[in-house]
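Chains as they are written, first to last, in the numbering used here: chain A, 25 to 136; chain B, 58 to 171. We put the beta carbon where it would ideally sit given N, CA and C, even for glycine.
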């Protein structure tokens, strides 16, 4: 039973446009949500996080939006660059358990 | 530079052999983890450890074993009991940042069973 779902395995976007990666969750106890970026044959790297008490967090070109009522979060990348091409994992943790639950990832391709 | 070192990066094994993947960190993190990545499966937790000499099974621990004798080291042994060991293995450690548990990952080890 997947508690964190990334329903789009892949996404293709043109350079300069906005990339929107989506993530849904089922566990209402999750209190932190994180996004990681992963290049092939490398380990994931932390990108951005958001607490459940917020609905938006921004860091440069990356913004994460959280809709608690819909149990949905999204990562916006504006403007998208070819170097953003990678697999993006959504992860969540719940109070009292620091072990993150990961989604299956979305492969983003930004083409020139 | 602080970080996590995994070795070897590539490893080939014959069926029936045990292999051990090394993971060393110099970040002074207390918690360490092992994940397995398969295509379309995301990251699945094998084992984790909060402190030295203590570790817990994750979602897919069968066929694997770990030890945590030192804070810096968390080796993973893939035993012959693991039915489908060919995968990309990731080690991680963590420190809490503003309440979020942010993991730092190593570069991974790719194990192929021949």
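Residues bridged to residue 70 of chain B [DSSP beta-bridge criterion]: Per DSSP, B:170.
Inter-stretch contact at 8 Å, needing at least 3 Cβ pairs: the region 110-126 of chain A / the region 155-163 of chain B: The region 110-126 of chain A makes contact with the region 155-163 of chain B: 3 or more CB pairs, one atom from each, lie closer than 8 Å.
Closer than 8 Å to chain B by CB, residue 34 of chain A: Not an interface residue.
Residue 59 of chain B - DSSP class collapsed to helix/strand/coil: In the three-state DSSP reduction, residue 59 of chain B falls in the coil class, being neither helix nor strand.
Nearest candidate by alpha-carbon position, reference residue 76 of chain A, set A:88, A:94, A:62, A:56: That would be A:56, whose Cα lies nearest to the Cα of residue 76 of chain A.
Residue 61 of chain B classed as buried or exposed, judged by whether at least 16 other C-beta atoms fall within 10 angstroms: So residue 61 of chain B counts as buried.
Partner residues on chain A for residue 85 of chain B, Cβ-Cβ distance less than 7 Å: Listed along the chain, the chain A residues whose CB falls inside 7 Å of the CB of residue 85 of chain B amount to none; the nearest CB is some 17 Å away.
C-beta atoms of residue 135 of chain B and residue 72 of chain B nearer than 8 Å: Taking 8 Å as the Cβ cut-off, residue 135 of chain B and residue 72 of chain B do not qualify as a contacting pair.
Residue 106 of chain B versus residue 150 of chain B - alpha carbon distance: For residue 106 of chain B and residue 150 of chain B, the distance between alpha carbons rounds to 9 Å.
is_contact[residue 121 of chain B, chain A] using C-beta, thresh 8 Å: Look at residue 121 of chain B: its C-beta is not under 8 Å from any C-beta on chain A.
For residue 93 of chain B: DSSP bridge partner residues: According to the DSSP secondary-structure assignment, residue 93 of chain B is paired through a beta bridge with B:101, B:146.
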